[in-house]
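Residue 1 is where the first sequence starts when you use the UniProt record's numbering, and the numbers rise one by one after that.
Positions of the beta carbon are idealized from the N, C-alpha and C atoms, including for glycine.
Since we're looking at a predicted model, the values are computed, not measured.
Worksheet for the structure shown next.
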Amino acid sequence: MFDLNQLNPQQRQAVTHGAGPLLLLAGAGSGKTRVITCRIAHLVQQGTSPEQILAVTFTNKAAREMRERVQEMTGRNAVKGMTISTFHSLGVQILKSHIDRLGFKRNFSIYATSDQLRLVRELLREAGADSSNRDAEQMIWRISAAKNRLIDAGQYQPTLRDPLSHLVATIYPRYQKALKAYNAVDFDDLLLLTVRLLEGQSELLAHYQQRFVYQMVDEYQDTNPVQYQLLKLLAGGHKNLCVVGDDDQSIYAFRGADISNILDFEKDFPGTRIIKLEQNYRSSATILAAANQLIANNRQRRPKTLWTSSPAGYAIDYLRCEDSEDEARQVVELIHAETFRHQRKFSDFAILYRTNTQSRAFEEQLRYDNIPYVLIGGQQFFDRKEIRDLVAYLRTILNPADEVNLLRIINYPKRGIGENSIDQIIRRSAEQNAGIWQLLQQPEQFDGIGQKTLTAIAEFVALIKSYQSTFKNPLRLLDTLRQLLNELKLADEIYRQEKDPQTAQRRIENQNEILNSLGAYIERNERPSLAGFVDAISLLDADPAGKDDKEKLLSGNTVTLMSLHSSKGLEFPVVFLAGMEEGFLPHKKSLDVTCDIDEERRLCYVGITRAEQRLVLLGARQRRKHGKLELREPSRFLAELPQQLLATRQAGVPADDGEEQQEKSANQFFQQMQQLLG
DNA sequence: GCGAAGGTGTTTTTT
DNA sequence: ACACCTTCGC
Numbered sequence: 001m002f003d004l005n006q007l008n009p010q011q012r013q014a015v016t017h018g019a020g021p022l023l024l025l026a027g028a029g030s031g032k033t034r035v036i037t038c039r040i041a042h043l044v045q046q047g048t049s050p051e052q053i054l055a056v057t058f059t060n061k062a063a064r065e066m067r068e069r070v071q072e073m074t075g076r077n078a079v080k081g082m083t084i085s086t087f088h089s090l091g092v093q094i095l096k097s098h099i100d101r102l103g104f105k106r107n108f109s110i111y112a113t114s115d116q117l118r119l120v121r122e123l124l125r126e127a128g129a130d131s132s133n134r135d136a137e138q139m140i141w142r143i144s145a146a147k148n149r150l151i152d153a154g155q156y157q158p159t160l161r162d163p164l165s166h167l168v169a170t171i172y173p174r175y176q177k178a179l180k181a182y183n184a185v186d187f188d189d190l191l192l193l194t195v196r197l198l199e200g201q202s203e204l205l206a207h208y209q210q211r212f213v214y215q216m217v218d219e220y221q222d223t224n225p226v227q228y229q230l231l232k233l234l235a236g237g238h239k240n241l242c243v244v245g246d247d248d249q250s251i252y253a254f255r256g257a258d259i260s261n262i263l264d265f266e267k268d269f270p271g272t273r274i275i276k277l278e279q280n281y282r283s284s285a286t287i288l289a290a291a292n293q294l295i296a297n298n299r300q301r302r303p304k305t306l307w308t309s310s311p312a313g314y315a316i317d318y319l320r321c322e323d324s325e326d327e328a329r330q331v332v333e334l335i336h337a338e339t340f341r342h343q344r345k346f347s348d349f350a351i352l353y354r355t356n357t358q359s360r361a362f363e364e365q366l367r368y369d370n371i372p373y374v375l376i377g378g379q380q381f382f383d384r385k386e387i388r389d390l391v392a393y394l395r396t397i398l399n400p401a402d403e404v405n406l407l408r409i410i411n412y413p414k415r416g417i418g419e420n421s422i423d424q425i426i427r428r429s430a431e432q433n434a435g436i437w438q439l440l441q442q443p444e445q446f447d448g449i450g451q452k453t454l455t456a457i458a459e460f461v462a463l464i465k466s467y468q469s470t471f472k473n474p475l476r477l478l479d480t481l482r483q484l485l486n487e488l489k490l491a492d493e494i495y496r497q498e499k500d501p502q503t504a505q506r507r508i509e510n511q512n513e514i515l516n517s518l519g520a521y522i523e524r525n526e527r528p529s530l531a532g533f534v535d536a537i538s539l540l541d542a543d544p545a546g547k548d549d550k551e552k553l554l555s556g557n558t559v560t561l562m563s564l565h566s567s568k569g570l571e572f573p574v575v576f577l578a579g580m581e582e583g584f585l586p587h588k589k590s591l592d593v594t595c596d597i598d599e600e601r602r603l604c605y606v607g608i609t610r611a612e613q614r615l616v617l618l619g620a621r622q623r624r625k626h627g628k629l630e631l632r633e634p635s636r637f638l639a640e641l642p643q644q645l646l647a648t649r650q651a652g653v654p655a656d657d658g659e660e661q662q663e664k665s666a667n668q669f670f671q672q673m674q675q676l677l678g
């Protein structure tokens with residue numbers, strides 16, 4: 001099991017706290033994951049049945065890790081019964097069993113951003129509005145924000161002085177109507193619909209309230225109103241809600257996270273016990289002092305002071321670099337030096353940045369120096385076009401009412417159903433108020449469509465129907481998917497489209513990787529099904545690792561590149577925090593629009609507190625933007641750090657300028673020579 | 001119905 | 001600088 005004596009007094013109090021609401025204010029590196037997992041193990045040890053335990057996290061990775069760590073303490077069987085999942089997969093789980101009460105069918109599709117984008121652009125076109133990608137993105141963003149704040153399509157109120165909100169008021173209800181017609185929900189619906197379902201079905205709510213006797217929430221500072229409402233509903237029975245968080249690490253206001261959820265917790269749950277975890281076990285005293293002094297500049301916060309018994313360690317480096325390439329070069333040089341001097345592994349290093357696009361320069365330099373790395377975030381595996389195309393087939397097979405995905409593949413690969421025909425089908429569908437899939441079954445009723453196209457439509461319908469039946473056999477899932485890949489000849493299509501044979505090869509390998517992904521899913525699940533697989537990958541947040549990446553992961557020895565947001569909850573011996581410039585950190589958008597400098601400071605705080613032994617801050621003097629050089633100012637946060645702990649250096653002059661300089665001096669030399677001779 | 005050329009905007013963070 | 005989308009021409 002585990003030893004209570006290995007915990008400090010506050011940790012022990014938290015672990016052994018029994019019934020009643022508990023707020024755990026856990027500073028960075030204070031062992032909060034350990035406390036949650038130990039608390040779960042302790043509850044089981046005290047006789048709580050695993051089925052009665054609910055633990056909610058924000059990312060799949062966090063859920064997976066929690067599950068693993070609890071399993072180490074309680075054994076496999078106990079963990080199996082527990083509900084340890086993300087908010088979103090909890091929503092899926094509840095909706096999969098009960099969504100029919102909201103008028104959806106249980107085989108609903110889950111729309112990711114690209115599906116939403118297709119749908120909203122279509123709706124904008126129909127509404128006669130600008131259907132550019134940018135406006136569609138704005139719409140999705142606004143609808144998402146509304147859903148996060150528990151505002152349904154019918155309740156949405158446009159604001160007078162906000163022109164875009166009027167368009168939202170038109171599109172949002174139509175969007176919702178379309179989703180329902182397609183038997184689809186988006187990410188935010190997974191939470192909002194779950195809340196509405198439980199609110200409307202008291203006996204269902206009572207069932208879940210009785211079932212989950214103890215509820216635990218990690219990263220509580222990041223909950224938004226829907227998530228909070230869901231928690232209030234689920235915990236409303238036993239009120240044994242234990243939330244763990246750190247207001248100083250609240251960095252998701254942009255997706256509706258409400259910091260007052262943690263600041264005002266005891267108002268909603270009277271009698272809350274508050275325990276602070278302030279001892280940091282992660283960072284050197286120097287790094288911690290810098291973090292403390294930085295975050296002290298924030299106004300609204302629960303006062304706390306992290307302390308450590310660790311020695312001071314290294315000074316914090318600040319390297320003022322010339323440009324992006326120089327910044328990358330400095331990082332790689334330091335990685336070389338550190339691996340050599342201190343026998344560090346590549347996995348000891350993390351490179352953190354504010355925006356995903358900053359990764360490019362580092363990737364190039366690391367590749368040039370043959371240093372293995374993994375890139376977290378950015379373009380996700382399941383967001384890549386070739387993957388989405390294949391998944392669109394699976395979604396259509398499962399739920400042909402899902403017209404976004406149906407239309408995506410109806411002529412991909414090209415089978416002779418052209419735009420004109422598709423337009424006509426869509427028009428007919430609107431006129432007769434009938435689903436497209438339904439219309440496709442009787443193609444003879446289309447008068448304006450040629451015989452060739454009609455045959456193609458019939459073949460397409462037959463294809464989908466045939467796979468609908470073969471995919472029903474759970475024992476032949478892999479074979480059937482392999483057969484589908486072969487039959488579609490998607491590889492040929494990719495070769496035709498892609499000019500560069502190497503990228504074509506990569507994309508095909510990506511597509512084949514789905515087979516491995518399905519294989520892994522089948523191994524993990526007792527009752528595998530195509531629907532289960534598609535749901536699982538719809539919720540995935542991480543790249544399942546391509547072929548190259550897999551070898552790296554096996555060796556486990558790679559440098560990690562990721563955004564500051566993705567870095568929360570992780571730790572590394574050496575952290576490079578790149579782009580310490582005005583405009584990046586704090587980000588330009590936060591200055592122009594939201595004016596929330598505090599959140600940017602928290603983001604910086606999160607970055608600093610990832611470091612165990614050595615922290616290197618970097619910034620560039622100039623950067624290329626849209627192809628043009630732009631001068632950059634050092635981040636204001638640098639001035640908020642204790643200067644005596646900071647070792648500032650000008651990094652080397654880049655090779656370009658060096659050559660220019662050399663050329664100039666050479667020219668001068670030759671001119672002088674000529675004067676002398678002349 | 002399909003490919004080529006030009007024009008546009010692109011870069012905040014995520015489930 | 002580049003990728004993506006739209007438009008145009010066949």
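In chain order, I110 place their CB closer than 6 Å to the CB of S538, counting only its own chain and leaving out the 5 sequence neighbours on each side.
Around the Cβ of S566, a 10 Å sphere holds 16 or more other Cβ atoms; the residue is buried. DSSP assignment within the stretch 295-362 yields the following whole beta strand (DSSP E) runs of 3 residues or more, N-terminal first: 316-321 and 349-353. Rounded to the nearest angstrom, the Cβ distance from L190 to L95 is 7 Å, consistent with a contact under 8 Å. For T480 against Y467, the beta-carbon gap comes to about 7 Å, under 8 Å, which counts as contact. The shortest CA-to-CA distance from G103 to any of A181, T59 and K61 is the one to A181. With a contact defined as Cβ atoms closer than 8 Å, E498 and R507 qualify at about 7 Å. Assigned with DSSP and collapsed to three states, M82 falls in coil, not helix or strand.
Partner residues in the beta bridge of A26, as assigned by DSSP, are L277. CA-to-CA, the gap between T286 and A296 works out to about 16 Å. In this structure L475 is exposed. Its beta-carbon is surrounded by fewer than 16 other beta-carbon atoms within 10 angstroms.
With fewer than 16 other beta carbons inside 10 angstroms of its own, L160 counts as exposed. In this structure, the straight-line span from the alpha carbon of N516 to that of E509 is close to 11 Å. Secondary-structure assignment with DSSP links Q622 through a beta bridge to L631. Here I110 is bridged, per DSSP, to V185.
R67 sits away from I53, with the two beta carbons spaced by 8 Å or more.
For I53, the enclosing beta strand (DSSP E) has its first and last residue at I53 to T57.
Between L603 and N298, the alpha-carbon positions lie close to 12 Å from each other. In the structure shown, R149 falls within a coil segment according to DSSP collapsed to helix, strand and coil. Ranking A136, L478 and V404 by CA distance to the CA of I171 puts A136 first.
Per DSSP, the beta bridge partners of V575 are A350 and L615. Annotation for R649: no alpha helix (DSSP H) segment contains it, though the beta strand (DSSP E) segment containing it runs L646 to Q650.
In the structure shown, the three-state DSSP call for V213 is coil. Going by beta carbons, F381 and Q227 fall outside the 8 Å limit.
In the assembly as shown, A647 is an exposed residue. Its beta-carbon has fewer than 16 other beta-carbons within 10 Å. Taking 8 Å as the cut-off, the Cβ atoms of I275 and L7 do not count as close. Here the alpha carbons of K588 and A312 stand approximately 34 Å from one another. When secondary structure is reduced to three states using DSSP, T194 falls in the helix class.
The bridge partners DSSP lists for L561 are I351 and L375.
DSSP, reduced to helix, strand and coil, places E498 outside both helices and strands of the structure shown, so it counts as coil. For G245, the uninterrupted beta strand (DSSP E) segment begins and ends at L241 to G245.
Taking the Cβ atoms as the reference, R632 lies roughly 7 Å from G583, within the contact range of under 8 Å. Under the three-state reduction of DSSP, H238 is assigned to coil, being neither helix nor strand. Comparing alpha-carbon positions, the option among L43, V44, D115 and A458 lying closest to Q441 turns out to be A458. Of the other Cβ atoms in all chains shown, fewer than 16 fall within 10 Å of the Cβ of A430; this residue is therefore exposed. Under a 10 Å Cβ-count criterion, D188 is classified as buried, with 16 or more other Cβ atoms of the shown protein chains found around its own Cβ.
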